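Asker: Mind looking over this structure? Questions follow.
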Amino acid sequence: MSMFSNPFSLKSKLGRCLCGRHATPEEHAASERAAGLGDEARYREVVASGLMRALFPNDMKRRAFLKAVGASTAAAALATFFPLDAATEAFAQTGKPEKTDLKVGFIPITCATPIIMAHPMGFYAKQGLNVEVVKTAGWAVIRDKTINKEYDAAHMLAPMPLAISQGLGSNPIPFVAAAIENINGQSFTLGIKHKDKMDVKSWKGLKFAIPYDFSMHNYLLRYLLAENGLDPDTDVQLRVVPPPEMVANLRAENIDGFLAPDNVAQRAVFDGVGFIHSLSKTMWDGHPCCAFAASREFITTMPNTYAAMLRALVDASAYASKDENRKAIAEAIAPPAYLNAPVTVLEQVLVGTFADGLGNIRKDPRRIDFDPFPWESFAVWMLTQMKRWGQIKGEVDYASVANQVFLATDAAKVMKEMGLTPPAATSKSFSVMGKVFDPQKPAEYVSSFAIRRS
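In this note's numbering, the protein residues as written are 1396 to 1849.
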């Protein structure tokens, strides 16, 4: 059962499905419903969900109870022996933040939508925080400024906290991915002159840009190439280019294409220099991309500040998941201080009705979506790709690293501090290009690929 689900609904489930985007087939509707609730109602349901999960860990028993007594009676009964109002107030307010003036770095891409919109739309302020969101040039700068404590927390590519924690590209420093910022939201984009190269097998010899070595973009592009018989290290050239510079490089023909956030791809279409070959979700619907990340030192020395930031992002993510809010969000994050992009470009990304540069108008309202649950199995998959392509040497304790870096859920930490029971499930299976990934068998998964470095 999602933290956004109605705990007294017979349709809500405790288990989690394999869709990759939501815990159950009903969870998308639940997240949209949550976005329409007021703060107090939403917090009350989070608290009630935790208690119902503790009392009825089995779906069938919970449903039988609800069917027997009814939702309203169940809610009243729960309130008679558990102080829901007091617990809700504690969830909403908790302790006073240790620090209220904060800096959070971000890259100007739609993947950072919850972190960015929480500033102009008041989600940080509601939690008593004065957050300065700082536009940053590239991922290495984000990493260094966060490590050096110039930023309190940051928008990072989801694999970055894993890499930082293991000392890949920097000294090992314990970092966490507290919440996933976005799922899906990337496009394979080619220069206009390559309209005849719709078959991935024809990409041999091309030059592609990726945002960073430790990125889902790198791993997904490599995966796509390898599944089509191309070795990403010998048959094409991969170059690291900051997302804000990709369109200019495509225009100058320094690169032939890129896998990048949808606003970058849509800008290439808008400027007439590129076309969208395919969306990343066609490979893996519900894949993670970016994360809200911080050092473990920050979350342990400033737990109240950290909890307040998580509450702000829970609210922002719930609001962003609701279709009718997408246009308002596009306007809020378009100004120069944020994405510095035409509103029409951002609307095409967030609303999901977009030109592909080939003369077509496509529609996919879930082109990008927002689901903050940081599944540990996401981390395990990323680690398998780091191992596959030689970024990690030696043995990997996949489960342990995933558990230490990817926190179970943004709400779960707050629930634990309140003495409530967080969701039990932290891993799930999913499919990438039709191939099922079992997080319990990561070594076998790595060995199953014909094209790999290790």
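We put the CB at the ideal spot given by N, CA and C, even for glycine. Computed from a prediction, not measured in an experiment: that's the story for all the values here.
1) For the candidate residues Ser1690, Gly1752, Ala1689, whose alpha-carbon lies nearest to that of Arg1662?
2) Report the residue ranges of all beta strand (DSSP E) runs contained in full by the region 1722-1767; include only those spanning at least 3 residues, in chain order.
3) Between which two residues does the alpha helix (DSSP H) containing Ala1711 stretch?
4) Indicate whether Pro1567 and Phe1609 have their beta-carbon atoms separated by less than 7 Å.
5) The beta strand (DSSP E) spanning Arg1376 covers which residue range?
6) According to the Cβ coordinates, are Val1775 and Val1571 closer than 7 Å?
7) Pull up the DSSP beta-bridge partners for Ile1587, would you.
8) Entirely within the region 1608-1662 and at least 3 residues each: give me those beta strand (DSSP E) ranges in chain order.
9) With a cut-off of 8 Å, do at least 3 Cβ pairs link the region 1738-1749 to the region 1661-1675?
10) How many angstroms separate the CA atom of Pro1880 from the CA atom of Ala1548?
11) At a cut of 8 Å, does the region 1760-1780 reach the region 1527-1543 through at least three beta carbon pairs?
12) Here's the rule: buried if 16 or more other CB atoms are within 10 angstroms of the residue's CB, otherwise exposed. What is Pro1760?
13) Could you work out which residue in Ala1713, Thr1531, Tyr1733 is closest to Glu1545 when comparing CA atoms only?
14) For a test of the three-state rule: what should DSSP assign to Val1571, helix, strand or coil?
15) Near Lys1498, which residues of its chain fall below 6 Å by C-beta distance, leaving aside the five closest residues on each side in sequence?
16) What is the DSSP secondary structure of Met1828, counted as helix, strand or coil?
17) Rounding to the nearest angstrom, what Cα-Cα distance links Pro1492 and Arg1706 in this structure?
18) Grouping DSSP H, G and I as helix and E and B as strand, with all else coil, what is Ser1597?
19) Exposed or buried, what is Arg1762 when buried is set at 16 or more other beta-carbons lying within 10 Å of its beta-carbon?
20) Using a Cβ-Cβ cut-off of 6 Å (strictly less than) and excluding sequence neighbours within five positions of Arg1646, which residues of its own chain qualify?
21) How would you label Ala1463, buried or exposed, when you count the other beta carbons within 10 angstroms and need 16 or more for buried?
22) Given a cut-off of 7 Å, decide if Leu1708 and Phe1687 are closer than it, judged by their beta-carbon atoms.
23) To the nearest angstrom, how far is the alpha carbon of Leu1616 from that of Leu1625?
24) Would the beta-carbon of Asn1623 fall within 7 Å of that of Lys1588?
25) Under the rule that 16 or more other beta-carbon atoms within 10 Å means buried, what is Asp1766, buried or exposed?
26) Between which two residues does the alpha helix (DSSP H) containing Leu1563 stretch?
27) Mind the definition here: the region 1724-1739 touches the region 1501-1513 only if three or more C-beta pairs lie below 8 Å; say whether that holds.
28) Short check: CB of Lys1494 to CB of Met1697, under 7 Å?
29) Rounded C-beta distance between Pro1683 and Gly1533? I'm assuming under 8 Å.
30) Below 7 Å between beta carbons: does that hold for Leu1633 and Ile1605?
31) Give the secondary structure of Cys1684 by DSSP, where H, G and I count as helix, E and B as strand, and everything else as coil.
32) Are Thr1779 and Tyr1840 touching if we call contact CB-CB under 7 Å?
33) Use the C-beta contact count for Phe1719: other C-beta atoms within 10 angstroms, 16 or more gives buried, fewer gives exposed.
34) My guess is that Ser1822 and Pro1834 are in contact by the Cβ rule of under 8 Å, so how many angstroms apart are they, rounded?
35) Look at Arg1783 and Arg1691 and say whether their C-beta atoms are less than 7 Å apart.
36) As a quick exercise: from Glu1576, Gln1786, Val1796, pick the residue whose alpha carbon is nearest that of Leu1563.
Answerer: Walking through what the data contain:
1) Ranked by Cα distance from Arg1662, the options Ser1690, Gly1752, Ala1689 are led by Gly1752.
2) Taken in chain order, the whole beta strand (DSSP E) runs of length 3 or more contained in the region 1722-1767 are 1748-1750, 1756-1758.
3) Residues 1698-1715.
4) For the 7 Å CB-CB criterion, Pro1567 and Phe1609 do not form a contact.
5) Missing from the structure shown is residue 1376; the chain here goes from 1396 to 1849 and no further.
6) No.
7) Residue pairing by DSSP places Ile1587 opposite no residue, since no beta bridge is assigned to it.
8) Counting whole runs of 3 or more residues, the region 1608-1662 contains the beta strand (DSSP E) stretches 1632-1635, 1652-1656.
9) They touch, by the three-pair rule.
10) Because the chain in this structure spans residues 1396 to 1849, residue 1880 falls outside the shown range and cannot be described.
11) Touching, no, given that fewer than three Cβ pairs across the two stretches are closer than 8 Å.
12) Answer is exposed; the Cβ neighbour count stays below 16.
13) The residue with the shortest Cα to Cα distance from Glu1545 is Thr1531.
14) Of the three classes helix, strand and coil, the one that applies to Val1571 here is strand, per DSSP.
15) Glu1527, Val1529, Tyr1546, Asp1547, listed in sequence order.
16) If DSSP states are grouped into helix, strand and coil, Met1828 belongs with coil.
17) Across the structure, Pro1492 and Arg1706 are spaced so that their CA atoms are roughly 12 Å apart.
18) The three-state reading of DSSP puts Ser1597 in helix, counting H, G and I together.
19) With a threshold of 16 other beta carbon atoms within 10 Å, Arg1762 meets it and is buried.
20) Taken in chain order, the residues that qualify are Val1668.
21) Burial call: exposed.
22) A contact, by the Cβ cut-off of 7 Å.
23) Distance between the alpha carbons of Leu1616 and Leu1625: 11 Å.
24) Contact: no.
25) Counting Cβ neighbours within 10 Å, Asp1766 comes out buried, since at least 16 surround it.
26) From DSSP, Leu1563 is part of no alpha helix (DSSP H); its letter is neither H nor E.
27) Contact between the region 1724-1739 and the region 1501-1513 is present, because at least three Cβ pairs lie under 8 Å.
28) Judged by beta-carbon spacing, Met1697 lies within the 7 Å limit of Lys1494, meaning their Cβ atoms are closer than that value.
29) Contact annotation, Pro1683 with Gly1533: C-beta distance approximately 20 Å; criterion of less than 8 Å not satisfied.
30) Their beta carbons are under 7 Å apart, which means Leu1633 touches Ile1605 by this criterion.
31) It is coil, neither helix nor strand.
32) With respect to the 7 Å criterion, Thr1779 and Tyr1840 are classified as neighbours on the basis of their beta carbons.
33) The amino acid occupying residue 1719 in the given sequence is Glu; Phe does not appear at that position. The residue in question, Glu1719, is exposed, as its Cβ has fewer than 16 Cβ neighbours within 10 Å.
34) Yes, they are in contact, since the Cβ atoms of Ser1822 and Pro1834 sit about 5 Å apart, within 8 Å.
35) Taking the C-beta atoms as reference points, Arg1691 is found no nearer than 7 Å to Arg1783.
36) Considering only alpha carbons, the answer is Gln1786.
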